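J.:
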Amino acid sequence: MLDRPTTIAPDILEVSDVRKIYQASNGPVEALRGVNLTIRKGEFVCLLGASGCGKSTLLRIVAGFEKVTEGSVTMYGFSVDKPGPDRGMVFQDYALFPWLTVRDNIGFGPKHRRLATKLVSELTDKFMAMVGLTAFADRYPHQLSGGMKQRVAIARVLSNDTDVLLMDEPFGALDALTRSKLQEELVEIWRTTGLTVIFVTHSVEEAVMLADRVIVMSAGPGRIDCEIEVDLPRPRDVASPEFNALRREVTQRLTSHIAGSRQVAADS
Ligand SMILES: Nc1ncnc2c1ncn2[C@@H]1O[C@H](COP(=O)(O)OP(=O)(O)OP(=O)(O)O)[C@@H](O)[C@H]1O
1 MLDRPTTIAP
11 DILEVSDVRK
21 IYQASNGPVE
31 ALRGVNLTIR
41 KGEFVCLLGA
51 SGCGKSTLLR
61 IVAGFEKVTE
71 GSVTMYGFSV
81 DKPGPDRGMV
91 FQDYALFPWL
101 TVRDNIGFGP
111 KHRRLATKLV
121 SELTDKFMAM
131 VGLTAFADRY
141 PHQLSGGMKQ
151 RVAIARVLSN
161 DTDVLLMDEP
171 FGALDALTRS
181 KLQEELVEIW
191 RTTGLTVIFV
201 THSVEEAVML
211 ADRVIVMSAG
221 PGRIDCEIEV
231 DLPRPRDVAS
241 PEFNALRREV
251 TQRLTSHIAG
261 SRQVAADS
């Protein structure tokens with residue numbers, strides 16, 4: 001399998017000096033501070049970090065669901081301040097329309113954009129086939145397994161002609177085998193479509209398996225701790241010494257920070 005060269009690709013998304021403060025009922029919560037991140041077109045980036053370090057907040061800001069308190073996010077040089085079809089989100093809990101079939105869930109975006117009926121059906125068929133669900137076109141979400149539901153969610157974003165696929169722990173609720181299968185399928189979709197993917201995960205193994213670049217985040221307030229390039233060829237072998245060396249390196253970066261913050265908490 002050939003990897004796609006992303007090092008010479010243009011920048012697509014720029015996060016500059018972002019700070020996010022939520023106004024909670026018990027006072028303000030600083031979820032992000034001083035976050036800077038540049039994403040190149042076609043890159044597969046994983047945001048990795050312990051619970052509460054602001055991964056979902058950063059993703060939701062990029063999606064346009066949350067506004068920044070300070071700083072800016074631009075895509076193709078234009079300010080991001082609301083959701084748009086150029087950025088599609090896949091959630092852990094699928095968020096499908098329960099009253100629509102697989103076909104109608106996937107075709108929802110193109111239909112909503114008032115594309116011609118023939119084009120809607122071509123796009124739906126194409127992406128339904130890409131995620132291997134053609135035989136399940138007339139099923140409803142409650143008749144599908146978790147893995148199948150997540151395939152529908154991915155196809156639904158793809159059918160919107162999205163440039164950036166934003167994924168918030170999309171495989172977190174799946175069993176290990178289904179998760180590994182979906183990881184493989186996602187890499188294949190990414191490789192063949194030219195999509196840019198930003199993927200949130202808690203799992204070091206998942207990040208090293210998927211990413212071109214792992215962004216390690218830390219909490220208190222949420223910020224980027226370091227970035228680690230993953231230059232292993234795909235498909236990646238979790239049992240290889242190279243994979244294990246990188247897994248160790250990423251784990252060390254992650255745990256050294258967590259240990260550091262515990263020390264700070266203990267000292268204060
Ligand atoms: N709507 C909100 N109102 C107030 N505080 C919030 C809100 N959403 C998130 N937070 C807080 O912001 C911080 C970052 O949360 P966020 O969900 O972005 O982290 P995360 O790294 O994605 O966590 P997890 O891995 O557990 O999903 C946390 O302290 C969280 O409690």
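In the UniProt record's numbering, the protein residues as written are 1 to 268. Beta carbons: idealized from backbone N, C-alpha and C, even for Gly. Because the structure is a prediction, the values reported are computed rather than measured.
1) How far does the beta strand (DSSP E) with Phe44 in it reach, from first residue to last?
2) Which ranges would you report for the beta strand (DSSP E) in the region 196 to 244 if only whole runs of at least 3 residues count?
3) Please classify Pro141: is it buried, with 16 or more other beta-carbons within 10 angstroms of its beta-carbon, or exposed?
4) The beta strand (DSSP E) with Arg19 in it runs from where to where?
5) So, are the CB atoms of Phe127 and Leu158 less than 7 Å apart?
6) Is there at least one non-hydrogen atom of ligand 1 closer than 6 Å to the beta-carbon of Thr57?
7) Secondary structure at Asn105, three-state DSSP: helix, strand or coil?
8) Could you give the distance in angstroms between the alpha-carbon of Thr196 and the alpha-carbon of Gln143?
9) Measuring straight from C-alpha to C-alpha, what distance separates Ala50 and Thr117?
10) Quick check: the Cα distance between Pro85 and Lys67, rounded to an integer number of angstroms?
11) Please say whether Val214 and Arg247 have beta carbons closer to each other than 7 Å?
12) In the DSSP output, what is Leu32 paired with across the bridge?
T.: Quick look at the numbers:
1) Taking the sequence shown and counting its residues from 1, the one referred to as residue 44 is at position 44. Looking at the DSSP string, the run of the beta strand (DSSP E) that includes Phe44 is Phe44 to Leu48.
2) 196 to 201, 213 to 218 and 223 to 229
3) In the sequence shown, residue 141 corresponds to position 141, counting from 1. With 16 or more Cβ atoms within 10 Å of its Cβ, Pro141 is classed as buried.
4) Here residue 19 is taken as the residue at index 19 of the sequence shown, counted from 1. First-last of the beta strand (DSSP E) with Arg19: Asp11 to Ala24.
5) Counted from its first residue, the sequence shown places residue 127 at position 127. Counted from its first residue, the sequence shown places residue 158 at position 158. In contact: Phe127 and Leu158 (Cβ atoms closer than 7 Å).
6) As a position in the sequence shown, residue 57 is number 57, starting the count at 1. Yes, Cβ of Thr57 sits closer than 6 Å to a heavy atom of ligand 1.
7) Walking along the sequence shown from the start, residue 105 turns up at place 105. In this structure, Asn105 counts as helix in the three-state DSSP scheme.
8) For this step, residue 196 is matched to residue 196 along the sequence shown. For this step, residue 143 is matched to residue 143 along the sequence shown. Each residue's alpha carbon lies about 31 Å from the other.
9) The count along the sequence shown starts at 1 and reaches residue 50 at position 50. The count along the sequence shown starts at 1 and reaches residue 117 at position 117. Taking the straight line from one Cα to the other gives about 45 Å.
10) Sequence index remark: in the sequence shown, residue 85 carries index 85 (1-based). Sequence index remark: in the sequence shown, residue 67 carries index 67 (1-based). Their backbone Cα atoms lie some 17 Å apart in a straight line.
11) Translated into positions along the sequence shown, residue 247 becomes position 247. Translated into positions along the sequence shown, residue 214 becomes position 214. Not a contact, by the Cβ cut-off of 7 Å.
12) Here residue 32 is taken as the residue at index 32 of the sequence shown, counted from 1. DSSP lists Lys20 and Gly222 as partners of Leu32.
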